[in-house]
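In my numbering, the protein residues as written are 135 to 547.
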Amino acid sequence: MYDYLAATKRSEIGDFARTYAKELREDEGAEYDQVIEINLSELEPHINGPFTPDLATPISKFSEAVKANNWPEELKVGLIGSCTNSSYEDMSRAASIARDALDHGLKAKSLFTVTPGSEQVRATIENLTVALTIAGTLHFNPLTDKLKDKDGNEFLLSPPTGAGLPSRGYDPGQDTYQAPPPTGSAVAVAVSPTSDRLQLLEPFPAWDGKDATDIPILIKAKGKTTTDHISMAGPWLKYRGHLDNISNNMLIGAINAENGEANKVKNFTTGEYDAVPATARDYKKKGIPWVVIGDWNYGEGSSREHAALEPRHLGGLAIITRSFARIHETNLKKQGMLPLTFINPEDYDKIQPEDKVDLLCTELAVGKPITLRVHPKNGETFDVKLAHTYNAPQVEWFKNGSALNTMAKANAS
135 MYDYLAATKR SEIGDFARTY AKELREDEGA EYDQVIEINL SELEPHINGP FTPDLATPIS
195 KFSEAVKANN WPEELKVGLI GSCTNSSYED MSRAASIARD ALDHGLKAKS LFTVTPGSEQ
255 VRATIENLTV ALTIAGTLHF NPLTDKLKDK DGNEFLLSPP TGAGLPSRGY DPGQDTYQAP
315 PPTGSAVAVA VSPTSDRLQL LEPFPAWDGK DATDIPILIK AKGKTTTDHI SMAGPWLKYR
375 GHLDNISNNM LIGAINAENG EANKVKNFTT GEYDAVPATA RDYKKKGIPW VVIGDWNYGE
435 GSSREHAALE PRHLGGLAII TRSFARIHET NLKKQGMLPL TFINPEDYDK IQPEDKVDLL
495 CTELAVGKPI TLRVHPKNGE TFDVKLAHTY NAPQVEWFKN GSALNTMAKA NAS
């Protein structure tokens, strides 16, 4: 790690880390309550998906899974990129596989795209992706399966090799950084008011300091609710710069526990069924905050900021689930929403979509539960205890309306 920091002109951080490294090492003779043993010789690459990010299959079993689930067999596009496989080492190892294939007279059978992780990596210039792209089929296991070269002879791809750091150091590439002016008074951002792709953001309102009473459940989501269910991609991506427009996709993929359908919820003020975003907009127009009830691992998948921005923009107060995906939970906090979990996960089943709830926001404190008071449409009121993971600074995010509001408040003082 120190070598990497030094190569990227951050040796002072490495020096600082070395000073305190001893504090992170185990004490001599230390014993642990839980020990996890991993046999590295038994590990093998996994493929996650398709259709859901939490479906991980070992490469040795993936071909069988493709057949059993009737998944498409053809690999159409291979991408080396994202935040997880776009470093110099990743690129150099990927290149070694590509060179091996070229030496045997092969070319990729699928579209092959590369997005380096930084300008330095781009200017200076992954394993499974490249191998599958060369084969063109998801039935291929590069650890055991053979390919045929241009003459029809079978061969195994060589294990990938690559340097962790470039031997001549990183090329800094193009310096695109523009330092901001000393004060914001000299900055003006001009956005057309008629644009459907760009929109200036307005600060979210601060918490009013009160408990929320008799508010509706916008939707009780059943089963898997990924960030793509919450804020779909595809054609919606062109609206990423326009929060109000992209909010028209909010939760349109979530399954309503009431009717088993997507994007169809009852508006309690009208008694009519409508799309989830339309219902949320109507509540917001009428000054009615709302909550969402979610299932396990709510918000898994891509760390999509809009999945937290949209419910906040449309008047949401809290997302209450059996459990959260960690990044989405933090994103909700940053936007001033309350991500809360049932202390007893079975309480999810006690709440019905048409129930009204009180959320005792004044109870929010580090390490203490919050009460959700449920008013069933038919039945007696009951309380449910909710947990949270707020620390003291994050509590201020909620009180001030968002993390950005908190930063602005601190800078103004």
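The beta carbon of each residue, even a glycine, is placed where N, CA and C say it ideally should be. Keep in mind the model is a prediction, meaning the values are calculated, not measured.
Does the distance from the C-beta atom of residue i to that of residue j stay below 8 angstroms?
| i | j | result |
| --- | --- | --- |
| Y432 | T523 | no |
| L520 | I461 | no |
| L196 | I172 | Note on identity: in this sequence residue 196 is Phe, with Leu being the wrong assignment. Their beta carbons are not under 8 angstroms apart, which means F196 does not touch I172 by this criterion. |
| K484 | H509 | no |
| A537 | K468 | yes |
| P423 | A346 | yes |
| E207 | P192 | no |
| V211 | T247 | yes |
| Y482 | G449 | no |
| R438 | S365 | yes |
| G375 | L332 | yes |
| L559 | L472 | It is not possible to answer for residue 559, since the shown part of the chain is limited to 135 through 547. |
| I386 | G428 | no |
| T361 | A441 | yes |
| L291 | P315 | no |
| E514 | F402 | no |
| P187 | S220 | no |
| P300 | S230 | no |
| E434 | A459 | yes |
| A548 | H363 | Lying outside 135 to 547, the shown extent of the chain, residue 548 is not represented and no answer is given. |
With respect to the alpha helix (DSSP H) encompassing residue i, which residues constitute its N-terminal and C-terminal limits?
| i | result |
| --- | --- |
| D348 | Where D348 is concerned, there is no enclosing alpha helix (DSSP H), although the beta strand (DSSP E) it sits in stretches over 346 to 354. |
| P527 | 526 to 534 |
| N379 | 377 to 380 |
| P192 | Element bounds for P192: not the alpha helix (DSSP H) but the beta strand (DSSP E), 190 to 192. |
| P339 | Per DSSP, P339 belongs to no alpha helix (DSSP H) and is neither H nor E. |
| H447 | 440 to 447 |
| T475 | No alpha helix (DSSP H) holds T475; the beta strand (DSSP E) holding it covers 472 to 476. |
| H462 | 460 to 468 |
| S230 | 222 to 237 |
| Y136 | 136 to 141 |
| E146 | 145 to 154 |
| K543 | 537 to 546 |
| D362 | 361 to 364 |
Kindly indicate the opening and closing residues of the beta strand (DSSP E) around residue i.
| i | result |
| --- | --- |
| F516 | 516 to 521 |
| A452 | 450 to 455 |
| L182 | Leu is not the amino acid found at residue 182; the sequence shown has Asn there. Element bounds for N182: 180 to 182. |
Counting contacts by CB-CB distance shorter than 8 angstroms, is residue i in contact with chain B?
| i | result |
| --- | --- |
| V211 | The chain inventory of the structure shown lacks chain B, comprising one protein chain alone. |
For residue i, list the residues DSSP reports as bridge partners.
| i | result |
| --- | --- |
| I214 | V248 |
| V399 | D408 |
| V491 | I349, V508 |
| P314 | P314 pairs with nothing; no bridge assigned. |
| K282 | E288 |
| G428 | T455 |
| L332 | G375 |
| T496 | Paired residue(s): none; T496 is not in a bridge. |
| T271 | E208 |
| N390 | A355 |
Among residues of its own chain, excluding the 5 on either side of residue i, which ones have a beta-carbon nearer than 8 angstroms to its beta-carbon?
| i | result |
| --- | --- |
| E288 | K280, L281, K282 |
| M135 | G148, A151 |
| W205 | P184, A199, L272 |
| K543 | N534 |
| A155 | none |
| L240 | I268, L281, D283, K284 |
| L506 | I454, L474, V491, D492, L493, L494, D517, V518, K519, L520 |
| L392 | The residue you asked about is not Leu; residue 392 is Glu in the sequence shown. Answer for E392: K354, V399, K400, Q486, P487, E488, listed in chain order. |
Quick one: residues in its chain with C-beta nearer than 7 angstroms to the C-beta of residue i, no 5 flanking neighbours on either side, listed in chain order?
| i | result |
| --- | --- |
| L209 | S244, L266, T267, G270, T271, L272 |
| W370 | I380, N383 |
| L466 | A442, I453, P473 |
| E497 | I504, T505 |
For residue i, which residues from the same chain have a beta carbon less than 6 angstroms from its beta carbon, with the 5 sequence-adjacent residues on both sides left out?
| i | result |
| --- | --- |
| A550 | Because the chain here runs from 135 to 547, residue 550 falls outside it and cannot be looked at. |
| G399 | For the record, residue 399 in the displayed sequence is Val; it is not Gly. So the qualifying residues of the chain are I353, N390, V410, T413. |
| A526 | V500 |
Do the region 244 to 260 and the region 304 to 314 touch if we need at least three Cβ pairs shorter than 8 angstroms?
yes
Quick check: the region 347 to 354 against the region 403 to 420, are there 3 or more CB pairs under 8 angstroms?
yes
Any contact of the region 333 to 346 with the region 525 to 541, i.e. 3+ C-beta pairs under 8 angstroms?
yes
Below 8 angstroms, can you find three or more Cβ-Cβ pairs linking the region 377 to 389 to the region 318 to 326?
no
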